[in-house]
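The structure appears below as structure tokens.
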Amino acid sequence: MSAKSFTEVTYRIRRYNPERDSAPHWEEYRIPYIPGMTVLDGLWKVKELRAPDLAWRSSCRMGVCGSCGMLINGKARLACNTQVTELGSDTVVVAPLPNFDIVRDLVPELAPMFDNHRALQPHLVREDARELDEPTGEFYQSAHELEQYLQFSYCIKCGCCMAACPTYATDALYSGPMPLGQAHRYNTDSRDGGFAARREVLAGEAGPWRCHYAGECSRVCPKGVDPAKAIQLMKRELVLDYLRLRKAKCPAKVAAKPSGVRRPEIPEAPAKTV
Amino acid sequence: MMRDQKLWTWHLAAGAVILVFLGLHMTVMHLDKIVLLASVNPAGGHPIDWQNVLARGKSAAFAVTYVVLLGAALFHGLYGLRNILFELDPARGLKRAISAVLLIVGIGLFVVGTWAAIASHTLAKAM
Numbered sequence: 000m001s002a003k004s005f006t007e008v009t010y011r012i013r014r015y016n017p018e019r020d021s022a023p024h025w026e027e028y029r030i031p032y033i034p035g036m037t038v039l040d041g042l043w044k045v046k047e048l049r050a051p052d053l054a055w056r057s058s059c060r061m062g063v064c065g066s067c068g069m070l071i072n073g074k075a076r077l078a079c080n081t082q083v084t085e086l087g088s089d090t091v092v093v094a095p096l097p098n099f100d101i102v103r104d105l106v107p108e109l110a111p112m113f114d115n116h117r118a119l120q121p122h123l124v125r126e127d128a129r130e131l132d133e134p135t136g137e138f139y140q141s142a143h144e145l146e147q148y149l150q151f152s153y154c155i156k157c158g159c160c161m162a163a164c165p166t167y168a169t170d171a172l173y174s175g176p177m178p179l180g181q182a183h184r185y186n187t188d189s190r191d192g193g194f195a196a197r198r199e200v201l202a203g204e205a206g207p208w209r210c211h212y213a214g215e216c217s218r219v220c221p222k223g224v225d226p227a228k229a230i231q232l233m234k235r236e237l238v239l240d241y242l243r244l245r246k247a248k249c250p251a252k253v254a255a256k257p258s259g260v261r262r263p264e265i266p267e268a269p270a271k272t273v
Numbered sequence: 000m001m002r003d004q005k006l007w008t009w010h011l012a013a014g015a016v017i018l019v020f021l022g023l024h025m026t027v028m029h030l031d032k033i034v035l036l037a038s039v040n041p042a043g044g045h046p047i048d049w050q051n052v053l054a055r056g057k058s059a060a061f062a063v064t065y066v067v068l069l070g071a072a073l074f075h076g077l078y079g080l081r082n083i084l085f086e087l088d089p090a091r092g093l094k095r096a097i098s099a100v101l102l103i104v105g106i107g108l109f110v111v112g113t114w115a116a117i118a119s120h121t122l123a124k125a126m
């Protein structure tokens, strides 16, 4: 729909205040349309003009922080990354992300997702932990090795994939696409040596086995990450591991510093702040 | 604790076995006019004609085939059923009960089926 075809938009918002309401309900607000308005801009306008007590999460306004994931016109997306005009309607229907409890209004309770995420150790696991805290150099990693996990590292943990996943909706033990995708991201990182530690969780019921490959997680991801692919690749890795056919991976060593090359134009690294 | 990594791998392996052995079954029983296998249908005619059934029954290889296909199909099917039931999110105790019942049913059917395959093989050889 052309932006010129309307001057006002209707926001239909699912409201819920646990201190006041027994159940969620819908409320509608008419606000002026401003060209270039995102759904998040509209929410701010609703708060400014119609519902000062409306609650949601947002921060960066540029699709990086992952705070403003919500169900917009039936699809989980980032409010800051969604233009009102791209919805093709002058009615914007906004609800909190499904598959999570509601804290209030459009604020989902994401703690279970981050519990699952934490359980899968989403960080580099190495025996030389000291090198991570006090690096003496850089880990060697080829461009090909980087390619193996790069797209999965774009995940911003917004929870849109979790909200779209039909398996996570029904299976309380399933870790969900975000934690599993991130486990795969680190399992395939040549600098990581934590596969065995993550396998403790992945080999059981919380692992990728319940995935039906509906692919909704990949369809809704606002960053173009493909968690469904990560889950299938992870299944393959785990099957090969069970059959003892998985290639053992030595975590990347610290690369030797270049010698005999003078690069005076590159300044010294700043002092550590932490 | 039953590990899903192990069960899933066996599920895939069982699927591959079914693909091969069910293909063999289809070839022998239903594609006999296209794939002419004199060794499995020596009497000619229909594959379930008595003489053909008797000839296959005398073959130890066929008896083994039946048992392997039975085992693979039971595991593949019952593991799939277990997954479907688990997606209904039953309580932990009920999950254990489902796993136990399916395991007992699977072993029971496998024992009966294996006995039938061996008995028919023994009977055919005696005829």
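Protein chains in written order, with numbering that gives the first Met the number 0: chain A, 0 to 273; chain B, 0 to 126. Virtual Cβ for every residue (Gly too), placed ideally from N, Cα, C. None of the values given here were measured: they were computed from a predicted structure.
For G22(B), the closest of H45(B), A115(B), L6(B), Y65(B) by C-alpha to C-alpha distance is Y65(B). The beta carbon of K124(B) sits no closer than 7 Å to any beta carbon of chain A. Chain B places no beta carbon closer than 7 Å to that of L48(A), leaving this residue out of the contacts.
Within the stretch 8-25 of chain B, those residues whose Cβ lies closer than 7 Å to any Cβ of chain A are, in chain order, T8, L11. Boundaries for V8(A): no alpha helix (DSSP H) harbours it, while the beta strand (DSSP E) harbouring it runs 7-14, taken from the DSSP string.
Residue pairing of L77(A) in beta bridges, as defined by DSSP: G68(A).
Closer than 8 Å at the C-beta level to chain B, one finds these residues of the stretch 178-206 of chain A: R198, L201, A202, G203, E204, G206. Across the stretch 239-257 of chain A, CB contacts with chain B closer than 8 Å involve D240, Y241, L242, in sequence order along the chain. Those residues of the stretch 52-84 of chain B placed with their C-beta closer than 8 Å to a C-beta in chain A are N82, ordered along the chain.
One finds nothing in chain B with a Cβ atom closer than 8 Å to the Cβ of K44(A); even the nearest lies about 40 Å away. As the crow flies, the alpha-carbon of V52(B) is around 11 Å from that of G43(B). By the Cβ rule, the stretch 78-95 of chain A counts as touching the stretch 23-39 of chain A, because three or more pairs are nearer than 8 Å. In summary, the residues of the stretch 143-170 of chain A whose CB is separated from some CB of chain B by less than 8 Å are T166, T169, D170, in the order they occur in the chain. In the structure shown, A15(B) falls within a helical segment according to DSSP collapsed to helix, strand and coil. Per DSSP, reduced to three states, the secondary structure at W55(A) is coil, with no helix or strand assignment. DSSP, read as helix, strand or coil, puts V224(A) in coil. Using a CB distance cut-off of 7 Å, R2(B) counts as an interface residue toward chain A. Within the stretch 110-141 of chain A, no residue has a Cβ lying closer than 8 Å to any Cβ of chain B.
Within chain A, the residues placing a beta-carbon under 9 Å from that of K5(B) are A202, Y241, ordered along the chain.
Under the three-state reduction of DSSP, E27(A) is assigned to strand. By a beta-carbon distance limit of 8 Å, G68(A) contacts G158(A). Their separation comes to about 5 Å. Judged by DSSP in its simplified three-state form, Q120(A) adopts coil rather than helix or strand. K32(B) is classed as exposed because its beta carbon has fewer than 16 other beta carbons within 10 Å across all chains shown. Using a Cβ-Cβ distance cut-off of 8 Å, the stretch 16-23 of chain A and the stretch 58-76 of chain A are not in contact, since fewer than three pairs of beta carbons, one from each stretch, lie closer than that value. For V102(A), the enclosing beta strand (DSSP E) covers residues 101-103. Between A128(A) and the set K252(A), P165(A), P17(A), the nearest pair of CA atoms involves K252(A). A268(A) and I155(A) have their C-alpha atoms some 27 Å from each other. In the structure shown, A118(B) falls within a helical segment according to DSSP collapsed to helix, strand and coil.
Interface with chain B (7 Å Cβ-Cβ cutoff): L237(A) is included. Put simply, the backbone Cα of L149(A) is about 34 Å away from that of V91(A).
Assignment of beta-bridge partners to Q82(A) by DSSP yields T37(A). With contacts defined by Cβ atoms closer than 7 Å, L123(A) and R29(A) do not form a contacting pair. Judged by DSSP secondary structure, V200(A) falls within the alpha helix (DSSP H) whose first and last residues are 194-201. Less than 7 Å separates the beta-carbon of G56(B) from that of S119(B). V93(A): member of the beta strand (DSSP E) spanning 90-94, first to last residue. Scanning chain A for C-beta atoms nearer than 9 Å to the C-beta of D88(B) yields T169, D170, A171, L172, reported in chain order.
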